[in-house]
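Just so you know, we're using the numbering used here here: the sequence shown kicks off at 322 and counts up by one. Heads up, the beta-carbon is just placed ideally off N, CA and C, and yes, glycines get one too. Reviewing the structure listed below.
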Amino acid sequence: MKEILAVLALVGAVRPSVAAAEGPNARPHVAMRGIYGGVPQEILDSGRSLRDFGVDAVWMGSGSFTTARMALLRAQGVRVFAEFNTLHVADDLKSHPDAAPVGSDGQVSPPPDGWQGICPSHEGYRRSRMDAFGRLLREHEVDGVWLDYHHAHASWEQAVPNMPDTCFCERCLRRFQAETGVELPEASTAERARLLLSTHRRAWVRWRCELFTDWVREFREIRDATRPRALLGTFHNPWSDEDHGGARIDKLAIDLRAQAAHVDVFSPMPYHARFGHAADAAWISRQVAWLGRALGIEGEAAERHRIWPIVQVSDWGEPVPLEQVPAVLDHGSRLPATGVMVFAWGGLRKQPEKVEAIGRVFRALRGGPAEQDPGPAEAIGTAGRADRAAERDGREGGRPTGRLPRTASTPGRM
Ligand SMILES: [Zn+2]
322 MKEILAVLAL VGAVRPSVAA AEGPNARPHV AMRGIYGGVP QEILDSGRSL RDFGVDAVWM
382 GSGSFTTARM ALLRAQGVRV FAEFNTLHVA DDLKSHPDAA PVGSDGQVSP PPDGWQGICP
442 SHEGYRRSRM DAFGRLLREH EVDGVWLDYH HAHASWEQAV PNMPDTCFCE RCLRRFQAET
502 GVELPEASTA ERARLLLSTH RRAWVRWRCE LFTDWVREFR EIRDATRPRA LLGTFHNPWS
562 DEDHGGARID KLAIDLRAQA AHVDVFSPMP YHARFGHAAD AAWISRQVAW LGRALGIEGE
622 AAERHRIWPI VQVSDWGEPV PLEQVPAVLD HGSRLPATGV MVFAWGGLRK QPEKVEAIGR
682 VFRALRGGPA EQDPGPAEAI GTAGRADRAA ERDGREGGRP TGRLPRTAST PGRM
């Protein structure tokens, strides 16, 4: 047996592509293996604990938190993190209609692909989000909160992003001038927008990034005052400074270097299949490596910042074949990443064979005795169980495979 293992190790060493296809082995640097999208009830229904299955943490939308779900997950010994919708609570436009982003023509910007963003300078909307964030931290013993949709009005979660220039509302233009000292002429909004996107472009982009970063600063302040041990994470666009012509900064107003002053964990969203890299799982680790270089994160245990990518395993837009699951998790868990989570339970719960594949890789990453199969158990997805769980979980169970653009009521992406 030892000889066989030695031969296998040698094969793995000289043929990394084979190892990648079969999935990674134990990686002590990976401290967190998570599932995004709610309570993985189907795993529990199969008679195994989440820990035995290989899962260390679960992410739920902030709107899905209940005392009962927290207790259930705590009893499983996993960490529980919340996803928090910052600038995509479209329903709030009913009470704050003047929070709708304004386009470069001076008109309210229609939601690109149905994706509704919010003007970042609207004080009432901001207050309501900060209050909700504080309430979540007070009422639930979460291990951390991940900001989500913290970017400008744009539909970027697809292969060809749709990113209109915004927000040129009177409030934004007034604040920009007051805070930068740049004076805009008395002119139409369209003319002022033209100047902001040409002559004053640098000041405009910087001001917008600083405004989005200031939201993160306030979230951090609330976290520090309310539940200081909770992590502050962010689900964010995975592009480098150069990808899509620098749009992460220029269009989406996400300045990761500046946000690093406040954020503990960065969770880039390299959804390779959805974003046009279906056959190239290595795109995931390339984007993560870029992030590490940009932020000076190497994946050392003593570092203040961590990178835990969220990788696409469910079918959303493009399917992720079962046989690609090990490669996706391999690339998602390479240094400087020190954790990895799968997107998303809403779709995965209907694909039991993929769930089993995730469990195999998660246990392999953890290594040690638990790497062995946890023992006889019912197969996930045994008839009827998934449906009952879906009923119990309400809207989460009814969701299709991934997240969809939201123009209406549901806060959070679940
Ligand atoms: Zn505005």
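Environment of residue i [buried if 16+ CB atoms lie within 10 Å]
{"i": "Lys675", "result": "buried"}
{"i": "Leu457", "result": "buried"}
{"i": "Pro589", "result": "buried"}
{"i": "Val481", "result": "exposed"}
{"i": "Ser416", "result": "exposed"}
{"i": "Asp469", "result": "buried"}
{"i": "Gln693", "result": "In this prediction, Gln693 scores a pLDDT of 49, lower than 50, which makes its location untrustworthy; the coordinate-derived value is nonetheless stated afterwards. Exposed: under 16 other Cβ atoms inside 10 Å."}
{"i": "Pro549", "result": "exposed"}
{"i": "Asp545", "result": "exposed"}
{"i": "Gly398", "result": "exposed"}
{"i": "Leu643", "result": "exposed"}
{"i": "Ala648", "result": "buried"}
{"i": "Gly384", "result": "buried"}
{"i": "Gly435", "result": "exposed"}
{"i": "Gly620", "result": "buried"}
{"i": "Ser367", "result": "buried"}
{"i": "Ser519", "result": "exposed"}
{"i": "Asp564", "result": "exposed"}
{"i": "Ala396", "result": "exposed"}
{"i": "Arg448", "result": "exposed"}
{"i": "Arg369", "result": "buried"}
{"i": "Pro721", "result": "Because Pro721 sits at a pLDDT of 31, beneath the cut-off of 50, its placement in the model cannot be relied upon, and the following sentence gives the value as read from the coordinates. Counting Cβ neighbours within 10 Å, Pro721 comes out exposed, since fewer than 16 surround it."}
Close-in-space but distant-in-sequence residues of the same chain around residue i (CB under 7 angstroms, 5 per side omitted)
{"i": "Leu516", "result": "Leu505"}
{"i": "Thr501", "result": "Ala524 and Trp528"}
{"i": "Asp601", "result": "His593"}
{"i": "Glu539", "result": "Met451"}
{"i": "Glu462", "result": "Met391"}
{"i": "Thr387", "result": "none"}
{"i": "Leu686", "result": "Pro345, Ala347, Arg348, Val351, Arg354 and Ser654"}
{"i": "Trp666", "result": "Ile356, Tyr357, Gly358, Gly359 and Pro361"}
{"i": "Pro431", "result": "none"}
{"i": "Arg496", "result": "Ser442"}
{"i": "Tyr446", "result": "Asp413, His417, Ala420 and Ile439"}
Cβ shell of residue i (< 6 angstroms), same chain only, five flanking positions each side left out
{"i": "Phe374", "result": "Ile364 and Gly680"}
{"i": "Glu404", "result": "Trp380, Gly382, Trp467, Asp469 and Gly733"}
{"i": "His583", "result": "Val537, Arg538 and Arg541"}
{"i": "His598", "result": "Trp604"}
{"i": "Val682", "result": "Gly344, Pro647 and Leu650"}
{"i": "Cys440", "result": "Ala420, Pro422, Cys488 and Cys490"}
Contacts around residue i, its chain only, beta-carbon distance under 8 angstroms, and the 5 residues preceding and following it disregarded
{"i": "Asp585", "result": "Gly465, Leu552, Leu553, Gly554, Arg625, His626 and Arg627"}
{"i": "Ala615", "result": "Ser561, Asp562, Leu577 and Arg578"}
{"i": "Phe489", "result": "Val423, Gly424, Ser425, Gly427, Thr510, Arg513, Ala514 and Leu517"}
{"i": "Ala568", "result": "Trp477, Pro482, Met484 and Trp560"}
{"i": "Pro433", "result": "His474, Ala475, Ser476, Asn483, Met484 and Pro485"}
{"i": "Arg688", "result": "Reading off the sequence, residue 688 comes out as Gly, not Arg. Excluding sequence neighbours, Gly688 sits near Asn346, Ala347, Arg348 and Pro349."}
{"i": "Arg595", "result": "Glu478, Gln479, Ala480, Gln633, Trp637, Gly638, Glu639 and Gly723"}
{"i": "Arg459", "result": "Thr547 and Arg548"}
{"i": "Trp629", "result": "Met353, Gly355, Gly554, Val586, Phe587, Ser588, Ala658, Thr659, Gly660, Val661 and Met662"}
{"i": "Asn558", "result": "His472, Trp477, Arg569, Leu573, Ile575, Pro589 and Met590"}
{"i": "Ile618", "result": "Phe587, Leu612, Glu624, His626, Arg627, Ile628 and Pro657"}
{"i": "Cys530", "result": "Ile570, Ala574, Ile575, Asp576 and Ala579"}
{"i": "Leu414", "result": "Ala420, Ala421, Gln437 and Ile439"}
{"i": "Ile543", "result": "Met451, Phe454, Gly455 and Leu458"}
Residues that residue i bridges to, as DSSP identifies them
{"i": "Phe683", "result": "Per DSSP, none; premise fails for Phe683."}
{"i": "Trp528", "result": "None; Trp528 has no bridge partner."}
{"i": "Ser509", "result": "Per DSSP, none; premise fails for Ser509."}
{"i": "Met662", "result": "Gly355 and Ile631"}
{"i": "Phe587", "result": "Thr555 and Ile628"}
{"i": "Pro676", "result": "For the sequence presented, residue 676 should be read as Val rather than Pro. Partner(s): none; Val676 has no beta bridge."}
{"i": "Val537", "result": "None; Val537 has no bridge partner."}
Heavy atom of ligand 3 within 7 angstroms of residue i beta-carbon
{"i": "Arg492", "result": "With respect to ligand 3, the structure shown offers nothing to examine, as its ligands consist of ligand 1."}
Worksheet item: What alpha helix (DSSP H) runs, 4 residues minimum, are completely inside the stretch 593-657?
Response: 603-616 and 646-653
Practice prompt. For the stretch 336-410, list the alpha helix (DSSP H) runs that are entirely contained and at least 4 residues long, ordered along the chain.
Written response: 337-343, 362-366, 371-374 and 388-396
Fill in: Segment contact flag, the stretch 348-363 with the stretch 378-387, C-beta cutoff 8 angstroms, min 3 pairs
yes
Worksheet entry | Touching by the beta-carbon criterion (3+ pairs, under 8 angstroms), the stretch 443-459 and the stretch 473-487 | no
Practice prompt. Note down, one range per segment and in chain order, each alpha helix (DSSP H) of at least 4 residues found wholly within the stretch 425-507.
Written response: 444-460 and 491-501
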